[in-house]
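In the numbering used here, the protein residues as written are 11 to 269. Backbone N, C-alpha and C define an ideal beta-carbon position, used for all residues, glycine too.
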Amino acid sequence: LFGGGKVSVEDIVTNSRFATWEMDPQIVRDHVAEVAPRSYPELVAATFAAYARWRNKERWGDKTPGYATYMPYLQRMFPNALFVHMIRDGREVAASLPEHKWGPRTAVGGAYWWRTKVRKARRDGARLKPGTYLEVRLDELIERPEVTVSLVCEFLAEPYEAEMLDYPDRYKGKEMDRGTRHLMKPPTAGLREWRRGLTKLDQRAVEAVCRPLLRELGYDAAPFDPVAGAYARLQRIRELIVSAPTAVSMRLRPSTRSY
Numbered sequence: 011l012f013g014g015g016k017v018s019v020e021d022i023v024t025n026s027r028f029a030t031w032e033m034d035p036q037i038v039r040d041h042v043a044e045v046a047p048r049s050y051p052e053l054v055a056a057t058f059a060a061y062a063r064w065r066n067k068e069r070w071g072d073k074t075p076g077y078a079t080y081m082p083y084l085q086r087m088f089p090n091a092l093f094v095h096m097i098r099d100g101r102e103v104a105a106s107l108p109e110h111k112w113g114p115r116t117a118v119g120g121a122y123w124w125r126t127k128v129r130k131a132r133r134d135g136a137r138l139k140p141g142t143y144l145e146v147r148l149d150e151l152i153e154r155p156e157v158t159v160s161l162v163c164e165f166l167a168e169p170y171e172a173e174m175l176d177y178p179d180r181y182k183g184k185e186m187d188r189g190t191r192h193l194m195k196p197p198t199a200g201l202r203e204w205r206r207g208l209t210k211l212d213q214r215a216v217e218a219v220c221r222p223l224l225r226e227l228g229y230d231a232a233p234f235d236p237v238a239g240a241y242a243r244l245q246r247i248r249e250l251i252v253s254a255p256t257a258v259s260m261r262l263r264p265s266t267r268s269y
């Protein structure tokens, strides 16, 4: 029992997402029993360590994008954690998010989402313990993969190996979903043209929302368009109004989970 709740190894191995690891839950049970964690963070660490050992790895990590806005909290839980923040051009992010079920419904909504998330992550990253936060640009990874991956390895105190960029070979013959289909390719520029499928006004609106942070990050962006900015704010209000009833119903829905 951790954190005043009822979180145990059984809660983890019976979670529906655990199945995606494709490992025998008894491996986790045995490792947790061996380590005997005394807190929730230690239980989480033991679970990931069991997975790493099962895959013959000495170290584990988690690439969940949503963690970017919880870094101070995660650092309190895992004091030795290192954070690599991969930043992508906000216009590309905004255009791609509506393709996912979990993302904003419009590209303009995606632009606001990107601006809010990246700003908070950068602000929080600057407040973390020195030497525990690294920013990397996706476009730099695409243009100079060896240099960028070497930089990440140096930050993580891991040796760089050229085979790290051979990842497409490991996915040959595997069925990929829409979100992971590009793992079949090496770092490739222009996988998505962000203007494609957007009206001219939506393009200008997306750029108007992203522009301040794009400039701060060193990206080129069109001069601010006040008409597009007003349109973007209107779109944002409409999206918030539409999503509000769903958010309220989720807060009011009784929970059957125990913690």
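Let's test the definition: count the other Cβ atoms within 10 Å of the Cβ of residue i and tell me whether it reaches 16, buried, or not, exposed.
{"i": "His280", "result": "Because the chain spans 11 through 269 in this model, residue 280 falls outside it and cannot be assessed."}
{"i": "Arg221", "result": "buried"}
{"i": "Met260", "result": "Residue placement at Met260 is flagged as unreliable, the pLDDT there being 45, under the threshold of 50; the coordinate-derived value follows with that caveat. The residue is exposed, with fewer than 16 neighbouring Cβ atoms inside 10 Å."}
{"i": "Thr30", "result": "exposed"}
{"i": "Val38", "result": "buried"}
{"i": "Glu20", "result": "exposed"}
{"i": "Pro114", "result": "buried"}
{"i": "Val157", "result": "exposed"}
{"i": "Thr57", "result": "buried"}
{"i": "Leu250", "result": "exposed"}
{"i": "Ala43", "result": "exposed"}
{"i": "Arg225", "result": "exposed"}
{"i": "Val23", "result": "buried"}
{"i": "Ala240", "result": "exposed"}
{"i": "Tyr143", "result": "buried"}
{"i": "Arg263", "result": "Only weak support exists for where Arg263 lies, its pLDDT of 47 falling under 50; the coordinates are left without a value."}
{"i": "Asp72", "result": "exposed"}
{"i": "Trp204", "result": "buried"}
{"i": "Leu11", "result": "For Leu11, the predicted model reports a pLDDT of 38, less than 50, meaning its position is unreliable and no value from the coordinates is stated."}
With a cut-off of 8 Å on the beta carbons, I'd call residue i and residue j a contact; round off their distance for me.
{"i": "Arg137", "j": "Pro197", "result": "Not confirmed; about 31 Å, so no contact."}
{"i": "Ala231", "j": "Leu211", "result": "The pair is not a contact, with the Cβ atoms about 16 Å apart (cut-off 8 Å)."}
{"i": "Val216", "j": "Leu227", "result": "At roughly 15 Å, the Cβ-Cβ gap does not stay under 8 Å, so Val216 and Leu227 are not in contact."}
{"i": "Trp70", "j": "Ala78", "result": "Going by Cβ atoms, the distance from Trp70 to Ala78 rounds to 18 Å, so no, they are not a contact pair."}
{"i": "Pro169", "j": "Leu193", "result": "Incorrect: roughly 23 Å between the Cβ atoms, too far for contact."}
{"i": "His95", "j": "Gly135", "result": "6 Å"}
{"i": "Arg202", "j": "Ala105", "result": "7 Å"}
Need the endpoints of the alpha helix (DSSP H) that residue i sits in, please.
{"i": "His41", "result": "Pro35 to Val45"}
{"i": "Met81", "result": "Met81 to Met87"}
{"i": "Leu53", "result": "Tyr50 to Trp64"}
{"i": "Val219", "result": "Lys210 to Leu227"}
{"i": "Asp72", "result": "Neither: Asp72 is in no alpha helix (DSSP H) and is coded neither H nor E."}
{"i": "Arg133", "result": "Ala117 to Arg137"}
{"i": "Thr158", "result": "Pro155 to Leu166"}
{"i": "Ala104", "result": "Gly100 to Ser106"}
Out of the options, which has the shortest C-alpha to C-alpha gap to residue i?
{"i": "Pro51", "options": "Pro108, Asn90 and Lys210", "result": "Asn90"}
{"i": "Tyr61", "options": "Lys182, Lys130 and Pro35", "result": "Pro35"}
{"i": "Arg132", "options": "Leu151, Phe93, Ser160 and Ala46", "result": "Phe93"}
{"i": "Trp64", "options": "Gly76, Ser253, Leu53 and Met33", "result": "Met33"}
{"i": "Ala55", "options": "Lys182, Arg180, Arg154 and Gln85", "result": "Gln85"}
{"i": "Ala46", "options": "Lys67, Trp112, Ser18 and Asn25", "result": "Ser18"}
{"i": "Gly200", "options": "Asp235, Trp112 and Glu150", "result": "Glu150"}
{"i": "Phe165", "options": "Lys182, Tyr229 and Glu145", "result": "Glu145"}
{"i": "Ser253", "options": "Trp112, Arg147 and Val162", "result": "Trp112"}
{"i": "Pro75", "options": "Pro155, Ser49, Met87 and Leu107", "result": "Leu107"}
{"i": "Arg129", "options": "Tyr80, Val159, Met87 and Val162", "result": "Tyr80"}
{"i": "Arg48", "options": "Met87, Leu148 and Phe28", "result": "Met87"}
Starting from residue i, follow the beta strand (DSSP E) in both directions and report where the run begins and ends.
{"i": "Phe10", "result": "Missing from the structure shown is residue 10; the chain here goes from 11 to 269 and no further."}
{"i": "Glu145", "result": "Tyr143 to Arg147"}
{"i": "Val94", "result": "Phe93 to Ile97"}
So, do the segment 112-119 and the segment 238-245 have three or more beta carbon pairs nearer to each other than 8 Å? yes
Is the segment 90-105 touching the segment 221-230, taking contact as three or more C-beta pairs under 8 Å? yes
Three CB pairs or more closer than 8 Å across the segment 124-131 and the segment 170-186: no
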